[in-house]
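Following: one structure in structure tokens, then a few remarks.
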Amino acid sequence: MPRTRVDTRAEIRAVAAELFTRQGFEKTSLREVAERLGITKAALYYHFPSKADLMRGIVQPLVDEIEELLADREAADGADPRQFLADYFDVILRYRQVFELMIRDVAALAQLDLLHQMLAWRDRIYRMLVGPDASPAQIARATVAIGGLQDCALTEAAVDEFRDAALDAAYAALGR
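Heads up: the sequence shown begins at 0 in numbering that gives the first Met the number 0, then just goes up one per residue.
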């Protein structure tokens with residue numbers, strides 16, 4: 000029976016993301032990904048020429064969406080911090096598994112040259128939330144707000160039950 004039409008690249012990304020998150024990028028082989036999917040390693044290489052290309056294929060949608068969110072807010076003069084926090088939470092939530100993979104496997108991010116970009120995001124977020132001349136106390140508040148919000152998005156609990164509470168807490172952490 001012929002295989003039904005599927006998005007093979009999406010299937011590969013999903014399986015690889017699960018394995019990378021559970022076992023780590025370095026400890027997961029492409030052979031393991033291929034076997035799990037029931038395809039040959041050659042078929043996997045057809046879609047992703049290297050493990051780094053596969054990892055980039057997994058994280059790039061999140062990277063693109065965060066970049067777009069930051070660029071939109073930076074272009075808007077006086078962006079509402081609470082709305083930014085809500086939008087940021089929703090992005091992290093949509094890419095929960097990918098974000099978890101990224102924070103669990105920082106070495107893989109360094110290999111993809113994404114670590115520098117993530118640190119730059121943090122600085123851009125701080126400027127949006129507390130301004131370019133923020134005091135150490137304001138930066139600490141922004142760190143707690145963003146870090147706490149990210150942790151809440153990664154929780155296994157039903158997000159609907161605490162999304163508003165997480166946003167309220169993050170906003171309060173900013174001292175607003």
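Even glycine gets a Cβ: it sits at the ideal position worked out from N, Cα and C.
For the options 78, 163, 72 and 6, the alpha carbon positioned closest to that of residue 36 is the one of 6. Annotation for residue 122: the continuous alpha helix (DSSP H) segment containing it runs 114 to 129. In the structure shown, residue 31 adopts helical secondary structure according to DSSP, grouped into three states. Residue 144 sits away from residue 165, with the two beta carbons spaced by 8 Å or more.
Here DSSP, grouped into helix, strand and coil, assigns residue 76 to coil. A direct Cα-Cα distance of roughly 27 Å separates residue 125 from residue 155. The same chain holds no residue with a CB closer than 6 Å to that of residue 103 once the five nearest residues on each side in sequence are set aside. Residues 91 of the same chain have their beta carbon placed closer than 6 Å to that of residue 149, with the five preceding and five following residues left out of the count. If you draw a straight line from the Cα of residue 147 to the Cα of residue 169, it comes to about 7 Å. Distance from residue 55 to residue 111 at the Cβ level is roughly 6 Å; contact confirmed, criterion being Cβ atoms closer than 8 Å.
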